[in-house]
Amino acid sequence: MRRLFIPLRLKFMILFCLLSTIPLTLIGFLSYKQYIHQVEKDANTYTVQIAMQIQNSIDRYYREMERLTAVPYYDPSVMAILRNHASADSGDFVPLEEINKMSLLISSLAAERSEIQNILIFSLDGVLYTNTDDSIDKFWRSEDTPWMNAVMEADGAIVAIPPHHAKYYKSGERTVISLARVIRDPQTHRHLGIIKIDLTQKGFASLFGMSDMVPDTVIHVLDQQGETYFSSLTGNGARMPEAPNGPLFLTAEQHSELTGFVVKALVPEENLKKNANVLIRYSLWVSIASLLAAFLLSYLLAATMTKPVRHLAVMMRKIQRGEFKERAKVTTNDEIGLLTEGFNSMVSELDRLVHQVYENELREKEAQLSALQNQINPHFIYNTLESINMKALQMGIMELSEAVVSLGRLLRYTIDWHEKLVHLADELQFADAYLQIQAFRLGDQLRVQILSDLSLESCLMPKLILQPLVENAIEHGMTEGPIHIQIRACYEEEDLLIYVEDDGAGISPEKLDELDALLNGPEKRHARIGSFGARKKGFALRNVNERIKLLYGPAYGLFHERTAGQGATFYIRIPLRWENEA
1 MRRLFIPLRL
11 KFMILFCLLS
21 TIPLTLIGFL
31 SYKQYIHQVE
41 KDANTYTVQI
51 AMQIQNSIDR
61 YYREMERLTA
71 VPYYDPSVMA
81 ILRNHASADS
91 GDFVPLEEIN
101 KMSLLISSLA
111 AERSEIQNIL
121 IFSLDGVLYT
131 NTDDSIDKFW
141 RSEDTPWMNA
151 VMEADGAIVA
161 IPPHHAKYYK
171 SGERTVISLA
181 RVIRDPQTHR
191 HLGIIKIDLT
201 QKGFASLFGM
211 SDMVPDTVIH
221 VLDQQGETYF
231 SSLTGNGARM
241 PEAPNGPLFL
251 TAEQHSELTG
261 FVVKALVPEE
271 NLKKNANVLI
281 RYSLWVSIAS
291 LLAAFLLSYL
301 LAATMTKPVR
311 HLAVMMRKIQ
321 RGEFKERAKV
331 TTNDEIGLLT
341 EGFNSMVSEL
351 DRLVHQVYEN
361 ELREKEAQLS
371 ALQNQINPHF
381 IYNTLESINM
391 KALQMGIMEL
401 SEAVVSLGRL
411 LRYTIDWHEK
421 LVHLADELQF
431 ADAYLQIQAF
441 RLGDQLRVQI
451 LSDLSLESCL
461 MPKLILQPLV
471 ENAIEHGMTE
481 GPIHIQIRAC
491 YEEEDLLIYV
501 EDDGAGISPE
511 KLDELDALLN
521 GPEKRHARIG
531 SFGARKKGFA
541 LRNVNERIKL
551 LYGPAYGLFH
561 ERTAGQGATF
571 YIRIPLRWEN
581 EA
């Protein structure tokens with residue numbers, strides 16, 4: 001089953017996205033939870049502070065009203081007027097002087113207090129004093145003032161009267177919240193009258209600082225019996241629901257030991273968290289933008305990181321197609337750069353090895369082809385040579401017999417291609433057989449000497465590398481006089497050296513330069529074959545040199561010595577190898 005291919009760039013993108021998304025999401029979630037928790041905590045604290053602020057405002061105002069309603073005790077004329085009207089039979093006539101004094105006192109008490117609707121003093125004989133004669137009745141009736149019983153029972157303590165209908169207003173009934181207390185005679189403690197302060201709805205709400213609160217804050221002020229004194233939902237004098245409909249509210253209660261009031265503050269959570277919601281939305285957009293930026297950066301970073309890898313993959317596919325000359329570009333100074341450099345080194349070595357194997361096989365094929373060209377029908381040739389040898393022996397021509405025998409040895413040695421490495425002794429015998437054939441052709445013009453250490457004759461060496469050197473010496477060294485060729489085998493440290501020397505015509509410096517270029521320069525394949533398939537001169541030496549280098553390395557091969565005058569010296573250097581080491 002074929003495995004699913006996932007590009008490296010996609011893997012990097014997924015990894016970068018996860019590394020950026022997971023921490024950011026986790027941090028955002030934890031920050032959101034912590035922030036909401038802190039907002040709720042602050043909202044609860046704020047709600048409690050609102051309730052405490054309202055309670056403190058009411059207590060402070062209550063004390064102010066206690067001092068305000070105690071002012072008549074310090075005015076003897078007011079106290080005298082109330083004593084005159086302390087009995088129910090005081091009469092219906094009220095002197096203008098009394099009205100003016102009472103009006104003056106009440107005006108001073110109500111000065112600069114916008115929250116006060118009216119300040120009224122009720123005498124026990126039914127007279128009602130105020131500073132607004134036009135809007136208030138001059139007399140009160142007990143059936144219209146049911147709240148008086150509670151004030152009388154308080155016996156001088158200030159009493160808060162819940163929203164009620166005040167019928168003494170000429171313009172009609174008004175719903176007011178009032179504070180009232182009994183005025184008593186300081187000596188006898190006899191009740192002389194009642195001072196009552198009516199508060200307007202707006203005036204009562206101004207005590208709480210409603211304008212400074214969170215919008216839609218609901219305030220309820222109740223007494224201990226649950227009677228509503230004030231509700232910001234319904235206003236004064238109306239019964240309020242236990243809980244408002246609509247959004248969720250945070251609720252806090254405060255009880256006043258001074259007034260007995262219960263203050264309930266209800267603050268909408270939505271309004272308290274409005275800033276939090278704005279911040280959360282802002283944070284959300286910032287997070288989304290950050291994630292998008294992270295995704296974009298991850299894409300660019302993944303593309304940057306995988307670009308040299310993809311380039312390397314392209315180069316690998318080219319190498320698979322056999323394009324060993326291609327090299328990957330090193331564009332980074334990191335592990336990928338090191339990998340690319342290693343890849344290039346590997347390709348270079350691979351190219352060298354492929355070239356080496358190819359050249360080695362090519363040389364062997366050429367040598368084999370050369371041998372096969374001479375082979376044709378070995379048995380026929382051997383039989384023919386044997387017949388010639390027998391005829392030469394019958395006729396007593398020993399030189400011809402020796403030449404035929406040497407040619408047979410040469411052919412057998414050449415045709416047996418299965419052996420690539422042979423003993424030095426075998427290669428020397430082959431060279432000797434070749435020279436004997438040439439001696440039959442050249443006669444006294446060719447003189448040969450083969451010198452070899454017997455301890456070296458079992459050394460292994462490549463097959464068919466001496467004959468080209470001997471052939472070259474005969475072909476290029478022959479002059480009109482005789483030529484002397486010496487083959488000498490020796491060793492130097494761990495290397496085997498085989499010299500082929502002649503005293504022939506020699507080689508000019510120009511020819512030596514051409515020979516150096518031929519041996520060590522780049523190969524020109526088209527120059528190896530002459531007309532009608534004939535091999536061009538000199539390439540046999542190059543073949544020998546390259547075969548040795550391919551087998552043993554660049555330190556070995558075919559070399560020559562530059563000599564002045566006549567003669568030429570070529571030598572082969574190969575490492576000493578024995579059969580048990582091969």
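First residue of the sequence shown? That's 1 in UniProt numbering, and the numbers climb one at a time after it. For every residue, glycine included, the Cβ atom is placed at its ideal position computed from N, Cα and C. These numbers were taken from a predicted model, which means no experiment stands behind them.
Where residue i sits in the DSSP three-state scheme
i	result
residue 172	coil
residue 151	helix
residue 56	helix
residue 118	strand
residue 310	helix
residue 405	helix
residue 163	strand
residue 40	helix
residue 530	Confidence in residue 530 is poor, its pLDDT being 42 and thus under 50, which makes the residue's placement unreliable; the coordinate value appears in the next sentence. It is coil, neither helix nor strand.
residue 576	coil
residue 63	helix
residue 495	strand
residue 189	coil
residue 233	coil
residue 239	Any reading at residue 239 needs caution, since the residue's pLDDT is 42, under 50, leaving its predicted position unreliable; the model's value is listed next. It is coil, neither helix nor strand.
residue 553	coil
residue 558	strand
residue 179	strand
residue 319	helix
residue 249	strand
residue 569	strand
residue 225	coil
residue 196	strand
residue 343	helix
residue 141	coil
Per-residue burial, residue i [other beta carbons within 10 Å of its own, 16 or more giving buried]
i	result
residue 140	buried
residue 259	buried
residue 49	exposed
residue 504	buried
residue 14	exposed
residue 502	buried
residue 534	Low confidence applies here, because residue 534 scores a pLDDT of 40, under 50, leaving its location unreliable; read the following figure in that light. With fewer than 16 other Cβ atoms within 10 Å, it is exposed.
residue 517	exposed
residue 549	buried
residue 297	exposed
residue 27	exposed
residue 483	buried
residue 93	exposed
residue 578	exposed
residue 254	buried
residue 232	buried
residue 129	buried
residue 29	exposed
residue 16	buried
Residues near residue i by beta carbon distance below 7 Å, same chain, minus five either side
i	result
residue 98	81
residue 75	105
residue 580	none
residue 399	440
residue 107	131
residue 340	308, 312, 328 and 330
Distance between beta carbons of residue j and residue i, contact taken as under 8 Å
i	j	result
residue 267	residue 46	7 Å
residue 421	residue 463	7 Å
residue 498	residue 568	Not a contact, Cβ separation roughly 15 Å.
Cβ-based neighbour list, residue i, same chain, cut-off 6 Å, excluding 5 preceding and 5 following
i	result
residue 496	459, 574 and 576
residue 196	120, 178 and 180
residue 449	486
residue 33	none
residue 413	430
CB contact below 9 Å: residue i versus chain D
i	result
residue 141	This model lacks chain D altogether; it includes just one protein chain.
Cβ-based neighbour list, residue i, same chain, cut-off 8 Å, excluding 5 preceding and 5 following
i	result
residue 401	389, 392 and 393
residue 552	574 and 575
residue 83	185 and 192
residue 67	none
Please specify which runs of the alpha helix (DSSP H), each continuous and at least 4 residues long, are wholly inside the region 260–304, giving them in chain order.
Correct list: 269–272.
Which runs of the beta strand (DSSP E) fall wholly inside the region 419–505 and span at least 3 residues, in chain order?
Qualifying beta strand (DSSP E) stretches, in chain order: 421–423, 446–452, 460–462, 483–492 and 495–502.
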